[in-house]
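Just so we're aligned, residue 7 is where the sequence shown starts under this note's numbering, counting upward by one.
Just so you know, even glycine gets a beta-carbon here, dropped at the ideal spot from N, CA and C.
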Amino acid sequence: MFIKTFLPLLLITYASSEKFRFDNYTLYRILPKSLDEIKVLQNLYDSDSRFDFWKDPVPNAEYVSVVSAPQDKGEFETYLNRNGIEFEVAMQNIQDTINREVVGKYTRNNIRSMRWDTYYNLNEINTWLEDLVMEYPSIVTMISAGTSYEGRDITGIKISHGEGRRIIFIESGIHAREWITPATVCYLINELLRSTDPETMAAARDFDWYIFPVTNPDGYVWTHTNNRLWRKNRRPYGTEFGVDLNRNWNTNWLMQGSSTDASTNTYAGPGPFSEPETRDLANYLKTLGDKIDIYLSMHSSGQILLIPFGNTTEPLANYHDALNIGRRAMGALSVRYGTPYTSGNIAEAIYKATGSSGDWVKEHLNVPLVYIYELRDRGTFGHLLPADQILPTAEETTDSIIDLIHQAKRFGYMSSGNSVTVSFGIKIVLSIMVFGKFW
Ligand code: 0X9
Ligand code: ZN
7 MFIKTFLPLL
17 LITYASSEKF
27 RFDNYTLYRI
37 LPKSLDEIKV
47 LQNLYDSDSR
57 FDFWKDPVPN
67 AEYVSVVSAP
77 QDKGEFETYL
87 NRNGIEFEVA
97 MQNIQDTINR
107 EVVGKYTRNN
117 IRSMRWDTYY
127 NLNEINTWLE
137 DLVMEYPSIV
147 TMISAGTSYE
157 GRDITGIKIS
167 HGEGRRIIFI
177 ESGIHAREWI
187 TPATVCYLIN
197 ELLRSTDPET
207 MAAARDFDWY
217 IFPVTNPDGY
227 VWTHTNNRLW
237 RKNRRPYGTE
247 FGVDLNRNWN
257 TNWLMQGSST
267 DASTNTYAGP
277 GPFSEPETRD
287 LANYLKTLGD
297 KIDIYLSMHS
307 SGQILLIPFG
317 NTTEPLANYH
327 DALNIGRRAM
337 GALSVRYGTP
347 YTSGNIAEAI
357 YKATGSSGDW
367 VKEHLNVPLV
377 YIYELRDRGT
387 FGHLLPADQI
397 LPTAEETTDS
407 IIDLIHQAKR
417 FGYMSSGNSV
427 TVSFGIKIVL
437 SIMVFGKFW
């Protein structure tokens, strides 16, 4: 009786519970051959909210990544076939990949138990940060950029070997589902404290590092407990939840690539800085003022290095310097595993999108070098990057950040002053002194 009546019911309830919400959802990887094909995909993107685009159809897109629910797959594939668009199935059943994901356990008071082949939840990351403060009390301090909507601390650490240094600021995990970003910056933290490589040691010594692995704590927790593919924060708006914290900054707010619809993934919020996460972080950044030399905003995926601004393809501010420095650093990134990165202006390389942290930092704090990393991969796993890629991703990204400092110095940045304000004439003289030539 029980087996016949209740067990199937029990199984159905279990299977339809949130833990299995992506059963038979499929990840597609599309390789558009022409601008016309991109336009066909853009039509779908604009008109049909059933599909979750992990990589948007933008002109020159190398690939487009889309997730479809099982009931919409037939229609989706017919649409592609009818328009002659070739596609491959990158992941047949997303839920299988989610189920295989490893979330590790970190043992308090044992920093050696931190591993780079597993993801961690928010508590584990913060416990590890606390342990680092205990282990390196004269170098590491706990810092807080504020409090999230649900009341969680936005925790980071400062690594400093003394007073008066310029700052390298790293913000990661603003998009909850991009798990590779906190994992990567935790590895970087570890390297800055424990590496014996002379260049890494010098980088750690010469700058004050402000690193926030998870700037969207509520969203990150939600990806661990309820919905692995959640992107926004968790503030309720009507019957919907969450603001895209990378559309909520007070810089050309709502102008491009943002939505007024709270049910979408790019909801910009009811107003600029409506969210405690962005408002607090911005206020915290203001207190550091013009001491920041480099600001890095860590995202995934696509293997792209982006440079502000997100609203225009105009090469504003020190765009050409920033691009040159960034391209060289991406050369350094590719040395270890051959991972290719594309560098470019945000609006050009992905899509126009305003209200992002990088644009605000560049516009309002005049930080000389602002980069947005889109880490691995290019559509094979997307946001579900397997844990065995954490270490290689983290290693190559760390290589690039160390080289970024080196390149920035070669281009006359990272000195005691703000070199963006150095006049063109002085720059020529400096360049000739350093390189023997100007170009
Ligand atoms: O759209 C975003 O916020 C970022 N890409 S992601 O796939 N990680 O969501 C890119 C942000 C780049 N900055 C601007 N668009 N201004
Ligand atoms: Zn992102």
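Handout entry: residue 308 and residue 362 closer than 8 Å at C-beta
Key = no
Problem - Other residues of its chain near residue 392: CB distance less than 6 Å, five sequence neighbours each side excluded - result: none
Exercise for the section: Quick one: grab the DSSP three-state call for residue 380. Expected result: strand
Handout entry: Endpoints, beta strand (DSSP E) assigned at residue 178
Key = 173 to 178
Handout entry: Beta carbon nearer than 7 Å to a non-hydrogen atom of ligand 2
Key = 180, 181, 184, 252, 305 and 306
Exercise for the section: Identify, in the order they occur along the chain, each residue of the same chain with its Cβ nearer than 6 Å to the Cβ of residue 29, setting aside the five sequence neighbours on each side. Expected result: 101
Practice task
Entirely within the segment 278 to 313 and at least 3 residues each: give me those beta strand (DSSP E) ranges in chain order.
Solution key: 298 to 306 and 310 to 313
Practice task
Check residue 228 in the structure and name its three-state DSSP category.
Solution key: helix
Problem - CA-to-CA distance, residue 369 to residue 324, given in whole angstroms - result: 12 Å
Problem - Continuous alpha helix (DSSP H) stretch holding residue 82: start and end - result: 79 to 88
Exercise for the section: Compute the distance between the beta-carbons of residue 180 and residue 251, then report whether it is under 8 Å. Expected result: yes
Handout entry: Distance CB(residue 414)-CB(residue 331) smaller than 8 Å
Key = yes
Exercise for the section: Would you check whether ligand 1 has a heavy atom nearer than 7 Å to the C-beta of residue 94? Expected result: no
Handout entry: Closest residue to residue 241 among 256, 255, 235 and 222 (Cα-Cα distance)
Key = 222
Exercise for the section: Determine the direct distance from the alpha carbon of residue 404 to that of residue 344, and round the result to whole angstroms. Expected result: 14 Å
Problem - Residue burial classification, residue 328 (beta-carbon count within 10 angstroms, cutoff 16) - result: buried
Handout entry: Distance CB(residue 379)-CB(residue 263) smaller than 8 Å
Key = no
Practice task
For residue 186, verify whether its CB is less than 7 Å away from any heavy atom of ligand 1.
Solution key: no
Exercise for the section: Identify whether residue 71 lies in helix, strand or coil by the three-state DSSP scheme. Expected result: strand
Practice task
Please state whether DSSP places residue 109 in a helix, a strand or coil.
Solution key: strand
Practice task
Within its chain, find whatever has a CB closer than 7 Å to the CB of residue 335; leave out the 5 residues flanking it on each side and keep chain order.
Solution key: 406, 409, 410 and 413
Practice task
Consider the C-beta atom of residue 312 and the heavy atoms of ligand 3; say whether any pair is separated by less than 7 Å.
Solution key: Among the ligands in the structure shown, ligand 3 does not appear; only ligand 1 and ligand 2 can be found there.
Problem - Contact set for residue 206: own chain, Cβ-Cβ below 8 Å, skip 5 residues either direction - result: 197, 198, 404 and 408
Problem - residue 320, enclosing alpha helix (DSSP H) - first and last residue - result: Residue 320 -> no alpha helix (DSSP H), and no H or E assigned at all.
Problem - Distance, residue 394 Cα to residue 204 Cα - result: 27 Å
Handout entry: Beta-ladder partner(s) of residue 216, from DSSP
Key = 164 and 175
Handout entry: C-alpha gap between residue 194 and residue 116, whole angstroms
Key = 18 Å
Practice task
Note down the Cα distance separating residue 90 from residue 151, rounded to an integer number of angstroms.
Solution key: 49 Å
Handout entry: Check: residue 359 C-beta below 7 Å from any heavy atom of ligand 1
Key = yes
Practice task
Return yes when the C-beta of residue 365 is under 7 Å from any heavy atom of ligand 1, and no when it is not.
Solution key: yes
Handout entry: Close beta carbons around residue 78, own chain, < 6 Å, minus the five adjacent residues each side
Key = 56
Problem - Terminal residues of the beta strand (DSSP E) in which residue 402 lies - result: From DSSP, residue 402 is part of no beta strand (DSSP E) but of the alpha helix (DSSP H) over 396 to 416.
Practice task
Compute the Euclidean distance between the alpha carbons of residue 58 and residue 82, then round it to the nearest angstrom.
Solution key: 12 Å
Practice task
With DSSP collapsed to three states, give me the class of residue 338.
Solution key: helix
Practice task
Report yes if the C-beta distance between residue 112 and residue 126 is below 8 Å; otherwise report no.
Solution key: yes
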